[in-house]
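Report on the following structure.
2 protein chains.
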Amino acid sequence: MTRDASGSPTVVALSGGIGGAKLALGLHRVIDAGALGVVANVGDDFLHLGLSICPDIDTLLYTLAGLADPVRGWGRRDETWRFMDALATLGGPAWFQLGDADLALHVERTRRMARGESLSSITAVFCERLGVATALWPASDDVVRTRVRTSAGWMSFQEYFVAQRCEPVVEALDYQGCEAARPCAHVLEALRNPALRAVIIAPSNPLLSIEPMLAMPTFRDALRLCHAPVIAVSPIIGGVAVKGPTAKMLQELGQPIDGLEAARRYADVIDGYVLDQRDAHLAPASPVGVQVVATNILMTNLESKVRLARECLAFADTLAASMGARTSGS
Amino acid sequence: MTRDASGSPTVVALSGGIGGAKLALGLHRVIDAGALGVVANVGDDFLHLGLSICPDIDTLLYTLAGLADPVRGWGRRDETWRFMDALATLGGPAWFQLGDADLALHVERTRRMARGESLSSITAVFCERLGVATALWPASDDVVRTRVRTSAGWMSFQEYFVAQRCEPVVEALDYQGCEAARPCAHVLEALRNPALRAVIIAPSNPLLSIEPMLAMPTFRDALRLCHAPVIAVSPIIGGVAVKGPTAKMLQELGQPIDGLEAARRYADVIDGYVLDQRDAHLAPASPVGVQVVATNILMTNLESKVRLARECLAFADTLAASMGARTSGS
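Residue numbers (the numbering used here), protein chains in the order written: chain A, 1 to 330; chain B, 331 to 660.
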């Protein structure tokens, strides 16, 4: 579990915001400093008030730094809202909440981006300044934007998610820019690292958090070619999404909502799948070539995050042993 | 003292930040709502952290809205600094202090400017939102920037003023863009208004606050041609600047520092000049064509601001009467 000699992390996690950040925090706690790299979805990123806002990077950053608000799930703990109050008084757009301290992240990121710095290098600076030893990488330094087609027409993800509160019926999703976007170089390097131990896809919303990454052809190929085991944790327990609009969106798109849905969606890139013990009966129906384990995947406190992280790593190690046996046997 | 039938203010004040805002507040208190227009210097405006910051407009806005911090003289009262603390933690530039609530003004202004709105129309919206009936106009919607040549080379005004604390020796000043800049249309309209009663140049720093306006040829011409009396209040009392670097800068530029200095600098545009009673002995040396009165011009509280405002208006009315007599007699 120590940092690889090359300096590249040996465990890579793919994550969206709140749900994924729980497992990312568990992994962060059980893996040595520098040995974990977390890849953050950038499909939700947007420009608001002239500021570059990266909701998933920010949630992961605050979570790993111990600054996250434990109740809201986003933003910083002990936040104040003087800026928002003054903005509303001035008649500015107040539909997206930005706390006073949180604002510094967006302003400083925007300032650095205007100077030509990449999102990944800026994120690295922020990790260092906030004392986060885990590497946090945007899925891409290029622009990939999730757009939602609803009964009310195409809209940006934030328009759908925050302003419209996920109320319009979803008809289609589009990850604008995904074909041309290059994955972050650090991610590709980590996935090629001979010392790579495991890739873990966190229980984030497949449609909104993971597939904007997999929609980049180079990203998906790198996962397919990765020699280490790739495993995913189900975002659905007992036919219900643990958090957020996953189930509603899958249903509106005519997709099944069950504990194996993510396994089917990621079948070409994963070797293993972790579903909840309540869904253990589904295991026999898992896609060909995907090993399944069932455990309690509901993360309600730090202890359960750490336990699930350990179980994911143990599962990956088991898979690696059998993959190695398979390889030597072939 | 009522609002002119045309809707245009009948008293116009030219002002920089802190010092000028004191007299602007006095005038605001003694003139009917809508009858006062304050022209704010824009030479200090700058882009910082990607935000359009207009220090003099903001000081005037907060002063007239009753939101100004009474101790610091700039920014908002009861301000908090969570944004600055977080920015410093992230390693961002922390040399220019931006309070949490104050920040909303810069962010919202920047957002509106990016949409193509003019600085004057944005300022009008802010006045309305903050309940300020006095018209507040930027001297120009175009870019005029004060630059300072010092022993350390040319620098922006804010670099000189805030970052370097006015320490370098000033060798020259430049108001970049002043030749091509057009004064704000509302200002020109007000100066042409047949019902105009008086123009009052506040006791602001001539070099930094008033001359960036007068350096616009159309602005200076409009003041020269103005039919109403134009008066100025001295920013210097007993050879000392009331506030800020006026005296230091004048000295370094080889200019006299006395109660008549502003009268000499503005001689071609003013009809009257108000100096402090301690400088009354200088009156006989005033420029040809400039009437002088001496009074207590030190504004230490609201009462003295109101008193000086009343005295300025009375002086202007006296001048108007004699100008009228002169005109009818010619």
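Where a beta carbon is used, it is the ideal one built from N, C-alpha and C, also for glycine.
In the three-state reduction of the DSSP assignment, P168 (chain A) falls in the coil class, being assigned neither a helical nor a strand state. Residues of chain A with a Cβ closer than 9 Å to the Cβ of G507 (chain B) do not exist, since the nearest Cβ in that chain sits about 22 Å away. At a Cβ-Cβ threshold of 8 Å, A202 (chain A) and G34 (chain A) do not count as neighbours.
The beta carbons of C226 (chain A) and L196 (chain A) sit about 7 Å from each other, so the pair counts as a contact at 8 Å. Non-local C-beta neighbours of D472 (chain B) in its own chain, meaning closer than 8 Å and more than five positions away in sequence, comprise G507, A510, A511 and R512, ordered along the chain. In the DSSP assignment, P468 (chain B) falls within the beta strand (DSSP E) that extends over A465 to P468. Judged by beta-carbon spacing, T419 (chain B) lies beyond the 8 Å limit of T80 (chain A), meaning their Cβ atoms are not closer than that value. Not one beta carbon of chain B lies nearer than 8 Å to the beta carbon of A185 (chain A).
Contacts with chain A at 8 Å (Cβ-Cβ) do not include R550 (chain B). Neighbours of F456 (chain B) in chain A, taken as residues at a C-beta separation under 9 Å, are given in chain order as L90 and G91. In summary, the residues of the segment 437-454 of chain B whose CB is separated from some CB of chain A by less than 7 Å are V437, E438, T440, R441 and A444, in the order they occur in the chain. Pairing A644 (chain B) with A624 (chain B) gives a Cβ-Cβ distance that is not under 8 Å.
When the alpha-carbon of V71 (chain A) is set against those of A:N301, A:A320 and A:M323, the nearest one is in A:N301. Contact holds between the segment 227-243 of chain A and the segment 255-266 of chain A, because three or more Cβ pairs, one in each stretch, are under 8 Å apart.
At a cut-off of 8 Å between C-beta atoms, A416 (chain B) counts as an interface residue with respect to chain A.
Pairwise C-beta distances place the segment 106-119 of chain A in contact with the segment 373-386 of chain B, as three or more of them are shorter than 8 Å. About 7 Å separates the beta carbon of G422 (chain B) from that of A104 (chain A), a gap short enough to meet the 8 Å contact definition.
Only buried fits V572 (chain B), as 16 or more other CB atoms lie within 10 angstroms of its CB. For T150 (chain A), the enclosing beta strand (DSSP E) starts and ends at R145 to T150. The residue from B:G347, B:D606 and B:S616 with its alpha-carbon nearest to that of Y596 (chain B) is B:S616. Taking 8 Å as the threshold, the shortest C-beta distance from G380 (chain B) to chain A falls below it. Chain B has a Cβ within less than 8 Å of the Cβ of A104 (chain A). Going by DSSP, Y62 (chain A) is part of the alpha helix (DSSP H) stretching over P55 to A65. For the pair L417 (chain B) and A124 (chain A), the Cα-to-Cα distance works out to about 16 Å. Rounded to whole angstroms, the gap between the alpha carbons of V144 (chain A) and F549 (chain B) is 49 Å. The alpha-carbon separation between L253 (chain A) and D271 (chain A) amounts to approximately 26 Å. For G19 (chain A), the enclosing alpha helix (DSSP H) covers residues I18 to V30. For the set A:S151, A:A228, A:M249 and A:E311, the Cα lying nearest the Cα of A321 (chain A) is the one of A:A228. Between T80 (chain A) and chain B, the shortest Cβ-Cβ separation is below 8 Å. For the pair S118 (chain A) and H186 (chain A), the CB atoms are not nearer than the 8 Å cut-off. Listed by position along chain A, the residues whose Cβ is nearer than 8 Å to that of A431 (chain B) are R82, F83, D85 and A86. When Cβ-Cβ separations below 8 Å define contact, R554 (chain B) makes no contact with chain A. Here the C-alpha atom of T59 (chain A) lies approximately 7 Å from the C-alpha atom of G75 (chain A).
Look at R459 (chain B): its C-beta is under 8 Å from a C-beta on chain A. Of the other Cβ atoms in all chains shown, fewer than 16 fall within 10 Å of the Cβ of V618 (chain B); this residue is therefore exposed.
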